[in-house]
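Residue numbering for the sequence shown follows numbering that gives the first Met the number 0, beginning at 0 and increasing consecutively. I have placed the structure first, in the form of structure tokens, so that the comments after it can refer back to it.
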Amino acid sequence: MALDRKVGFFQGLRYKGGGPMLAWILHRISGLGMIVFVSLHVIASFFTQEMGSDWAIAINTIYESVYFQLFIVFSVLYHGINGMRIIILDLWPRMLEYQKEVTWLQWLIIIPMYGLTIFIMIQRLITGE
Numbered sequence: 000m001a002l003d004r005k006v007g008f009f010q011g012l013r014y015k016g017g018g019p020m021l022a023w024i025l026h027r028i029s030g031l032g033m034i035v036f037v038s039l040h041v042i043a044s045f046f047t048q049e050m051g052s053d054w055a056i057a058i059n060t061i062y063e064s065v066y067f068q069l070f071i072v073f074s075v076l077y078h079g080i081n082g083m084r085i086i087i088l089d090l091w092p093r094m095l096e097y098q099k100e101v102t103w104l105q106w107l108i109i110i111p112m113y114g115l116t117i118f119i120m121i122q123r124l125i126t127g128e
């Protein structure tokens, strides 16, 4: 017998899952961001090699922009470190009771790494390297 749950879209948005739910959502968004980056890169390479068209230049302009690069760097960092958190929790199920603390530890690792990366990227943008 299946459960009959009639939960609407807005009722689902009211769910207050806290840190683990936010981690789940950001993990999906960062994965999609990396897929978009790789797809744009492959499409731009195809248009450059096969057609030599202006489409490749337009697509390169998108994924070479500073904002897109900042998003991709965050996506890769977050997805990798959150994936490591998930692996650790899967390998040692006793750690699940400390899931909130491990999520905070994950953020304590991501924020300085991302901050340093932003600093280096902006420094190179300003100096023109």
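The beta carbon of each residue, even a glycine, is placed where N, CA and C say it ideally should be.
Item: Would P19 pass as a contact of Q105 if the rule is Cβ separation under 8 Å?; Value: no
Item: Should I87 and M94 be called a contact, given that it needs their Cβ atoms to be closer than 8 Å?; Value: yes
Item: So which of S52, I61 and V75 has the shortest CA-CA distance to I28?; Value: V75
Item: Can you tell me whether Y66 is buried or exposed? The criterion is at least 16 other CB atoms within 10 Å of its CB, across all chains shown.; Value: exposed
Item: Can you tell me which of I71, M83, Y62 and V72 puts its alpha carbon nearest to the alpha carbon of V101?; Value: M83
Item: For H40, count neighbouring C-beta atoms within 10 Å of its own C-beta (all shown protein chains included) and say buried if the count is 16 or more, exposed if not.; Value: exposed
Item: Roughly how many angstroms lie between the CA atoms of F36 and P111, to the nearest whole one?; Value: 24 Å
Item: What would DSSP say about W91, mapped onto helix, strand or coil?; Value: coil
Item: Can you tell me where the alpha helix (DSSP H) with Q48 in it begins and where it stops?; Value: It is not in any alpha helix (DSSP H) - Q48 carries neither H nor E in the DSSP assignment.
Item: Given this structure, state the Cα-to-Cα distance separating I42 from I108, to the nearest angstrom.; Value: 33 Å
Item: Taking the alpha-carbon positions, what's the Y77 to Q122 distance?; Value: 22 Å
Item: Going by beta-carbon coordinates alone, are I120 and L69 separated by less than 8 Å?; Value: Just to set this straight, residue 120 is Met in the shown sequence, not Ile. Contact flag set, yes.
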